[in-house]
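A.B. asks:
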Amino acid sequence: MKITSKIVHVGGCTDEKTGAISTPIYQTATFRHPALGQSTGFDYTRTKNPTRMAAEEAIALLEEGAGGCAFSSGMAAVTAVLMLYNSGDHLAVVSDCYGGTYRVLDKVFSRLGLSVTFADTSDVRTVAAAVTPATKGILVETPTNPLMKIADIRGIVALARRHGLHTIVDNTFLTPYFQRPLTLGADLVIHSGTKYLAGHNDLLCGLVAAREKELADRVAFIQNSTGGVLSPGDSWLLIRGIKTLALRMDKHDSNARQIAEWLVRHPRISAVHYPGLDGHPGKELHDSQASGYGGMLAFEVDEAALAPRILSRVKLVKFAESLGGVESLITFPAVQTHADIPPALREELGITDRLLRLSVGIEDAGDIIADLAQAII
Ligand SMILES: Cc1ncc(COP(=O)(O)O)c(C=O)c1O
């Protein structure tokens, strides 16, 4: 079956009694035991819940993994993966990662003895140079957030395998509809499901899928032990959102291509970062590992004073954090999503006070362009 069909049928219900098409919300904390020593397969919702299980099976199916786990936020999913490692271990992590991932590594896991080297993952040689005898994993985002740099997933997997490390890919920006890292050899995929998977800016959730059952079981053990699980109601909303993922991603992608091309020609825009543009340094590599470019782009304006002016003038496009929902959102990474990255490092990475990030929604592309046109003055 093609992924478009798989997406529509996620979370299908197998209730013979009623024939319900949609998996119900099993709003229960606990489950009655049939008899001493017996279980229905469900005992307590932190451990396993039928609605959450349907969401977990969905992510495993779409990412082509052996198992999946659903968490109460993307950061809970990132945290559960980081908990696979021990004090004294080291990770190589994409340098312009999501600011929250930087923060949890820098402020929380560093206290617990997990060390990190941030590396430009668009060059496998830079990642190789960051590997030490203590390294246990390489964490990449591709495209990166917000600069849309591309990492060579196959190249990083090869490097990781030579050293016996995990390859972890945060696949939030593209979703399994456009990119399936586990099929390229990655060990773990992480999602902020809050974004494209749920797709409507109405819930927080996080997902992990693992290529092998042993690793999926270890993440599930951490999930049950630490408890950051997705609620039954939000699991249902996530499944509902996923069902239109293919339609939404195609529209995000075609809108973003048109907007990126329009921005390139705008006299006040000095750079546009979008992997679908000819001339993007990672385009060819991206095309070799993904089937679309998605709806995220970043652009630089020609003077710092213009950035806040655009944020105050947009109308259809909302000035708000987050991404991946049906509504177009614009953010100022240096002061919002990436504020926790120290200013000098931000500047070095190119996350300047002239850079804005646009999550292109599924409105009419002409309307989004008209809104940007009246704002960029
Ligand atoms: C790439 C990426 N990973 C992880 C996260 C964290 O997800 P959440 O906000 O659902 O905790 C985000 C949030 O913006 C993100 O953009």
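The numbering of the sequence shown is my numbering, which starts it at 87 and goes up by one.
We put the beta carbon where it would ideally sit given N, CA and C, even for glycine.
So Glu-227 is in the beta strand (DSSP E); what residue range does that whole segment cover?
C.D. replies: Here the beta strand (DSSP E) through Glu-227 covers 221–227.
A.B. asks: Note down, in chain order, each residue of its chain lying with its Cβ closer than 6 angstroms to the Cβ of Arg-443, except the 5 sequence neighbours on either side.
C.D. replies: Once the five neighbours on either side are set aside, the close Cβ partners of Arg-443 are Pro-232, Ala-384, Thr-417 and Pro-419.
A.B. asks: Since Phe-264 is in the alpha helix (DSSP H), which residue starts that stretch and which ends it?
C.D. replies: That run of the alpha helix (DSSP H) goes 261–264.
A.B. asks: Hey, could you find the ends of the alpha helix (DSSP H) Ser-445 is sitting in?
C.D. replies: Per DSSP, Ser-445 belongs to no alpha helix (DSSP H); it is in the beta strand (DSSP E), 441–445.
A.B. asks: Rounded to the nearest angstrom, how far is the Cβ of Ile-224 from that of Ala-178, given a contact under 8 angstroms?
C.D. replies: Yes, they are in contact, since the Cβ atoms of Ile-224 and Ala-178 sit about 5 angstroms apart, within 8 angstroms.
A.B. asks: Taking 8 angstroms as the cut-off, is the beta-carbon of Ile-276 closer than that to any non-hydrogen atom of ligand 1?
C.D. replies: Answer for Ile-276: yes, Cβ within range of ligand 1.
A.B. asks: Please name the residue, chosen from Ala-244, Thr-280 and Ala-393, that lies closest to Gly-271 on a Cα-to-Cα basis.
C.D. replies: Checked all of Ala-244, Thr-280 and Ala-393; the closest Cα to Gly-271 is Ala-244.
A.B. asks: Just the C-alpha distance for Ile-111 and Ala-214, rounded to the nearest angstrom, thanks.
C.D. replies: About 46 angstroms.
A.B. asks: What residue range is occupied by the uninterrupted alpha helix (DSSP H) comprising Ile-254?
C.D. replies: It is not in any alpha helix (DSSP H) - Ile-254 instead sits in the beta strand (DSSP E) that spans 252–256.
A.B. asks: Quick check: the Cα distance between Ser-340 and Ser-445, rounded to an integer number of angstroms?
C.D. replies: Going by the C-alpha atoms only, they are around 13 angstroms apart.
A.B. asks: Is the beta carbon of Ala-141 sitting closer than 9 angstroms to the one on Leu-316?
C.D. replies: In contact: Ala-141 and Leu-316 (Cβ atoms closer than 9 angstroms).
A.B. asks: CA-CA distance, Cys-183 and Ser-377?
C.D. replies: Going by the C-alpha atoms only, they are around 22 angstroms apart.
A.B. asks: To the nearest angstrom, how far is it from the Cα of Leu-409 to the Cα of Lys-92?
C.D. replies: Straight-line Cα distance between these residues: approximately 24 angstroms.
A.B. asks: Using DSSP with H/G/I as helix, E/B as strand and the rest coil, what is Ile-462?
C.D. replies: Ile-462 falls in the coil class under three-state DSSP.
A.B. asks: Looking at Ala-156: is its Cβ nearer than 9 angstroms to the Cβ of Gly-327?
C.D. replies: Contact: no.
A.B. asks: Of the choices Tyr-379, Val-421, Ala-430 and Ser-398, whose alpha-carbon is the least far from that of Leu-458?
C.D. replies: Closest by alpha carbon: Ser-398.
A.B. asks: Could you give the DSSP three-state label for Ser-356: helix, strand or coil?
C.D. replies: Looking at Ser-356 - three-state DSSP - the assignment turns out to be strand.
A.B. asks: Just checking Glu-149 against ligand 1 - is the residue's beta carbon closer than 8 angstroms to any of the ligand's heavy atoms?
C.D. replies: Not under cutoff, so the answer is no.
A.B. asks: According to DSSP, which residues form a beta bridge with His-277?
C.D. replies: In the DSSP output, where bridge partners are listed per residue, His-277 has Leu-293.
A.B. asks: Quick check: the Cα distance between Glu-298 and Pro-219, rounded to an integer number of angstroms?
C.D. replies: So the alpha carbons of these two residues sit roughly 24 angstroms apart.
A.B. asks: Sorted by chain position, which residues of the same chain lie with C-beta nearer than 8 angstroms to Glu-347's C-beta, five sequence neighbours on each side aside?
C.D. replies: Cβ within range, chain order: Leu-363.
A.B. asks: Could you tell me which residues DSSP pairs with Thr-187 in its beta bridges?
C.D. replies: Beta-bridge pairing links Thr-187 to no other residue.
A.B. asks: Would you report the Cα separation of Ser-201 and Leu-191, rounded to the nearest angstrom?
C.D. replies: Distance between the alpha carbons of Ser-201 and Leu-191: 8 angstroms.
A.B. asks: Does any heavy atom of ligand 1 sit closer than 8 angstroms to the C-beta of Asp-320?
C.D. replies: Asp-320: no, Cβ never under 8 angstroms from ligand 1.
A.B. asks: Specify, as a first and last residue, the run of the beta strand (DSSP E) that Ala-205 falls within.
C.D. replies: 201–205 is the extent of the beta strand (DSSP E) around Ala-205.
A.B. asks: In angstroms, rounded to a whole number, what distance separates the CA positions of Asp-273 and Arg-343?
C.D. replies: Going from the Cα of Asp-273 to the Cα of Arg-343 covers about 31 angstroms.
A.B. asks: Report the partner residues of Tyr-112 according to the DSSP bridge assignment.
C.D. replies: None, per the DSSP bridge assignment.
A.B. asks: Taking the alpha helix (DSSP H) that Ala-141 falls in, what are its first and last residues?
C.D. replies: First-last of the alpha helix (DSSP H) with Ala-141: 136–149.
A.B. asks: CB Asn-257 to CB Glu-149, shorter than 9 angstroms?
C.D. replies: Their beta carbons are under 9 angstroms apart, which means Asn-257 touches Glu-149 by this criterion.
A.B. asks: If you drop the 5 nearest sequence neighbours on each side, which residues of the same chain put their C-beta closer than 6 angstroms to that of Lys-369?
C.D. replies: Only Pro-361 meet the Cβ criterion.
A.B. asks: Tell me which residue opens and which closes the alpha helix (DSSP H) that Phe-307 is part of.
C.D. replies: That run of the alpha helix (DSSP H) goes 299–312.
A.B. asks: Ligand 1 and Phe-128: does the residue's C-beta get closer than 8 angstroms to at least one heavy atom of that ligand?
C.D. replies: Every heavy atom of ligand 1 is 8 angstroms or more from the Cβ of Phe-128, so no.
A.B. asks: Taking the continuous alpha helix (DSSP H) assigned at Glu-389, which residues delimit it?
C.D. replies: Unbroken run through Glu-389: none, as it is neither H nor E.
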